[in-house]
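Participant: Can you read through this structure? Questions will come right after.
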Amino acid sequence: MIERGLWAPANPIAGAEGTYVNQDSIRNFSIIAHIDHGKSTLADRFLETCGALSQREMDVQVLDSMDLERERGITIKAHFVRLTYQHSSRGPITFHLIDTPGHVDFSYEVSRSLAACEGALLIVDATQGVEAQTLANTYLALENDLEIIPVINKIDLPGAEPEKVREQIEHLLGIDTSEILLASAKDGTGVRDILDRVVDRVPPPRGNAEAPLKALIFDSWFDPYRGVVVLVRIFDGRLAPGMKIMMVSTGQVYEVEDIGVFTPKLAKIDGLGPGEVGFVVANIKNVADTKIGDTLTDPLHPTQTPFPGFREAKSMVFCGLYPVESSEYGELRDALDKLRLNDSSFHYEPENSMALGFGFRCGFLGLLHMEIVQQRLEREYEMRLIATAPSVRYRVTKTDGTQFEIDSPAKLPSPGEIAAIDEPFIQATIITPDEYMGAILQLVQEKRGQQKNLEYLSPKRVMITYDLPLNEIVLDFYDKLKSVSRGYASLDYHFADYRPSQLVKLDILVNGEPIDALSIITHRDSAYARGRALVSKLRQMIHRQLFEVALQASIGSRVIARENVKPLRKNVLAKCYGGDITRKRKLLEKQKEGKRRMKRVGKIDIPQEAFLAILKVEE
Amino acid sequence: MSFTSVEIMQRAGLYVHIPFCTTRCGYCHFATTVESAHEQYVSALLTEVKSISSAPPVRDLIYDSIYFGGGTPSLLRLDLFERIVTALRASFRIDDDCEFTIEANPERPGGVGEHAAFYSGLGVNRVSIGVQSAVPSELVALDRRHTIEEVEETVALVRGQIENVNLDFILGVPGQDQKSLALSLELIRRLGTSHVSLYILEIFPETPISRLPPSDDDLVASLYQDSCRFLANSGYRHYEICNFAHPGRESRHNRKYWNGSSYIGLGLSAASFYDGIRLTNTSGFSSYLADPSRDREMIHMDRDSISRELLFLGLRTVEGIDCSYFENAFGYDPATRFRKDWEELMDLGLVVKEDTRFRIPEEKMLLGNEVFMRFL
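In structure tokens, the structure reads:
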């Protein structure tokens, strides 16, 4: 695994002629693939073929570098690696392989990584076929005028159906099937063919070394020792240590301290020329100052043609994050501050809940992003957190005509004051084997979807396009989709527009007291079913207390569901004599610790997970 | 010098663990063995008696209770039993008025009933019999091999020699309900022994009984309340969560565990408490045979831990705890120190205050842990 904090001494690139790589021998490309379609294995094969790492170093899949990413089998941040490939007739070729995130939450980052490339490999699993996210990312690559090289991977597997997959690729992308390569990253079949095809088909980068510096920032992260590390692709001009650089968006100027590449080991180099990709360290303190998509240029001779500019990360999903222990509020704030140094795409602001005390309202790019941030807070910062149910941003028009947006159910005015609510809709693309189509159509109907398109990609594979309210997606749509399709359906979506909806706030009362952190905004038609299901789930999750606990769901002052948690009647260590005391004491300590992990609201201990009960209900 | 003033006032107890059983019961998690290495075990035990009884604080204590627990002490060969008793009397300062209990199973023949005169001759004056249930199907669930007839015969034989008898029963046996409990309670009334213990079955993972469906907590709570009522009507005083006795027949030995008295535990896995030290012997049979002091765990407790432990142990009893006692012995008033906890507990009805005492009312005793954990 690459240790990003570890800085090796200056180490000139072996085989590089002079300081800058010959532009004609550069090929910049990335890999577009669905999770588990073999991207990491293929990247490992490329490294191996180019002799980049020893066998021992090959034991880990090197492109995924954070624990979290490895566990999920996905790559969150884009990385790149510089490889030297010996082409049979053209001699040494310098590849910059740029890795892209594979999840819909990070589509903007994907588009910027692709913008740094001239070509992209489209990897499709021969046993699975084209998936929704792959398709979305391929369209992004086409928008960026990239040369697409389609590869059908895993042809060694017994269930491989390369012919059907060919048909899907041809249908979707209009690529001649004779152009499609067959490979098995696992056993190495076709790997050299892929690299040769990259050399032949992907154009070398254009660009003028004498023109003013123009470099695209396509990734950045915070290194605790060196400050922000920025990944750039040079389009024009040259970049060398000691030079002054300027961010076009902010006009801020920095001095370049170090430049380098990953081979995949970190290696410092003396300069980057047109077409080259590398990292830059320039004593930048805050990752938010290095916006992905921004242009890096020479402050004295700024480029006249900067990139269209970065897009501010737009939070789509929101939730409240609270410390289990109210006294840890300060620690949570520090952890969020530090985390944001590394991830400028999530936002947070203080929020005060009647039930949970002081915490933060946080905004994320999407559900996966939300989960990643929560897990990092828990693992890297050892925070014990309560997360509230995810929500989206609504547009509210009050009866007095004023309009505003809310990202939390608590901020919704009382029903009498609301003239209209608009909610965000997304356009979802679902690709699935056709045997699950019926169940999926039923699901999207239940979730208030509106059908846009339905087409067969090949005789057994269907692409369904639906408009859906984002608030249905953030609750439990993805889990349900996976469950009704046994994991075979893939989903991609993008924001569509805001539409007026009949939305109401569903409150949960515990012994008559509303628990603000449990409120959700839901469509009027599903409010009754949701309320009943939520209360019934909560009854299972809230442990029996020393008194009876009444759980109610209400809309405004109208109670629509009620369940009781019976009082606890037995909790005692029966036998307790000399030999038992030490052990019984330990059991009591364990019980006490269990209680401590719950959130006390009023007199009631509520387990952390109960605040996400809405995600667990079966309606 | 004794560690607390309590120990000066109160006499100490001796516990002897006899780990032998004919079979291992399905719910048992104690250190027991079905090996019959009786002689070896007793010889190790006597080594331990010798070494521990000469240590200064142990040597100087006066003992007014002896308790042979197990396992099944009545399975021990009589000559070996006598050897232990002789050694105890030779090594410890035992009060003339000493409560001397032996645990026994009601199996016949060859059980405690036949040998009651022998035990009585050695000074045994209390017998605790593990009846567990009067219902054959419950005895099967518990893996017990005796019959109700054997119980009745054993109790009659024992009481011919030793009047003070306890019967152990278990609540929460899989399959137990109000109807079957009534049969057990009826047996208790019929036998009318001076003491009854009602233990709530605790299911330990990996014991055979853990494979049976557990009893519902609400049901067990009702059975417990029914039992308390029944026993009160039958002349028993409820003096600790699980213990009931005719007035004046409370177990002197067991009370020592809850009131801070010293006790010395001898044998496999036995625990001692004296001079602020808690010692626990190994529960490995062969380790113990090789050297009784091997793998012995020793915890030096500070005064504060002792006092807080005494709070939770004392609250197990019907009398509860006396704050003035804590002021004398430990220099603080629990009423002040834990004011907020007491207030919450009283609000919930889990404790009541009477003068300087706090206690758990009988109907809340099954929620004892909710009280105890406050003082850890």
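Line order of the protein sequences matches chains A and B.
Numbered according to the working numbering, the first sequence spans residues 4 to 622.
Numbered according to the working numbering, the second sequence spans residues 2 to 377.
Ideal Cβ placement from N, Cα and C applies to all residues, glycine included.
It should be emphasised that the depicted structure is a prediction, and the values quoted were computed from it without experimental measurement.
1. Along the region 349-366 of chain B, what residues have a CB closer than 8 Å to any CB found in chain A?
2. Is the shortest distance between the beta-carbon of G581 of chain A and the beta-carbons of chain B less than 7 Å?
3. Pair every Cβ in the region 272-287 of chain A with every Cβ in the region 326-336 of chain A, then say whether three or more of these pairs are closer than 8 Å.
4. Rounded to the nearest angstrom, what separates Q505 of chain A and L446 of chain A at their Cα positions?
5. Go ahead and pull the three-state DSSP assignment for M249 of chain A.
6. Are three or more beta carbon pairs between the region 125-141 of chain B and the region 90-104 of chain B nearer than 8 Å?
7. Kindly list, in the order they appear in chain B, the residues whose Cβ is closer than 8 Å to that of N574 of chain A.
8. Name the chain B residues that come within less than 8 Å of E592 of chain A, Cβ to Cβ?
9. Starting from R364 of chain A and walking both ways along the beta strand (DSSP E), at which residues does that stretch end?
10. Give a yes or no on whether the minimum CB-CB distance between A577 of chain A and chain B is below 7 Å.
11. The alpha helix (DSSP H) spanning A564 of chain A covers which residue range?
12. Can you find the residues in the same chain that come closer than 7 Å, C-beta to C-beta, to A222 of chain B, ignoring five residues on each side of it along the sequence?
13. Would you identify the three-state DSSP class for A17 of chain A, choosing helix, strand or coil?
14. Taking the CB atoms as reference points, tell me whether V231 of chain A and S223 of chain A lie closer together than 7 Å.
15. Quick check on I201 of chain B - is its C-beta less than 7 Å from some C-beta in chain A?
16. Taking only beta carbons into account, state which residues of the region 229-249 of chain B come closer than 7 Å to chain A, listed in chain order.
17. So, does the CB of K341 of chain A fall closer than 7 Å to a CB anywhere in chain B?
18. Below 8 Å on the Cβ atoms is my contact criterion, and I expect S488 of chain A with A442 of chain A to pass it. Report the Cβ-Cβ distance as a whole number of Å.
19. When you compare each of A:F98, A:A188, A:A536 to D47 of chain A by their alpha carbons, which one comes out closest?
20. Hey, which unbroken runs of the beta strand (DSSP E) at 3 residues or more fall wholly within the region 69-135 of chain B?
21. Taking D301 of chain A and I248 of chain A to be in contact with their CB atoms under 8 Å, please state how far apart those CB atoms are, rounded to whole angstroms.
22. Quick check on DSSP: helix, strand or coil for Q430 of chain A?
23. Going along the region 192-223 of chain B in order, which residues come within less than 7 Å of chain A, judged by CB to CB distance?
24. Apart from the five residues on each side of it in sequence, which residues of its chain come closer than 6 Å, Cβ to Cβ, to G366 of chain A?
25. Any chance the region 164-175 of chain A sits against the region 112-130 of chain A, with 3 or more Cβ pairs inside 8 Å?
26. Out of B:A157, B:E139, B:A142, which has the shortest C-alpha to C-alpha gap to I130 of chain B?
27. Considering only the alpha carbon of each residue, which of A:A270, A:E596, A:L185, A:E426 lies closest to D196 of chain A?
28. For T281 of chain B, return the contacting residues in chain A, with the cut-off set at a CB-CB distance below 8 Å.
29. Taking E408 of chain A as part of the beta strand (DSSP E), name the residues at either end of that continuous run.
30. Would you kindly check if the distance between the Cβ of Y384 of chain A and the Cβ of F361 of chain A is under 7 Å?
31. For E371 of chain B, which residues from the same chain have a beta carbon less than 7 Å from its beta carbon, with the 5 sequence-adjacent residues on both sides left out?
32. Mind checking E310 of chain B: buried by the 16 CB within 10 Å criterion, or exposed?
33. Taking 7 Å as the threshold (C-beta atoms), are S116 of chain A and T137 of chain A in contact?
34. What is the DSSP secondary structure of V620 of chain A, counted as helix, strand or coil?
35. Under a three-way DSSP split, which group does M466 of chain A fall into?
36. Check whether the Cβ of K619 of chain A lies closer than 7 Å to any Cβ atom in chain B.
Facilitator: So, to answer that:
1. L349, L351, M366
2. yes
3. no
4. 20 Å
5. strand
6. yes
7. L367, L368, G369, N370, E371
8. M374, L377
9. 360-367
10. yes
11. Premise fails: A564 of chain A lies in the beta strand (DSSP E), 561-568, not in any alpha helix (DSSP H).
12. L367
13. Because the pLDDT of A17 of chain A is 37, which lies under 50, any placement of that residue in the model is unreliable, and the question is left without a value.
14. yes
15. yes
16. I242, C243
17. no
18. 7 Å
19. A:A188
20. 94-105, 127-133
21. 7 Å
22. strand
23. Y200, I201, E203, D218, D219, V221, A222
24. S318, F321, H350
25. yes
26. B:A157
27. A:L185
28. G582, T585
29. 406-409
30. no
31. L351
32. buried
33. no
34. coil
35. strand
36. no
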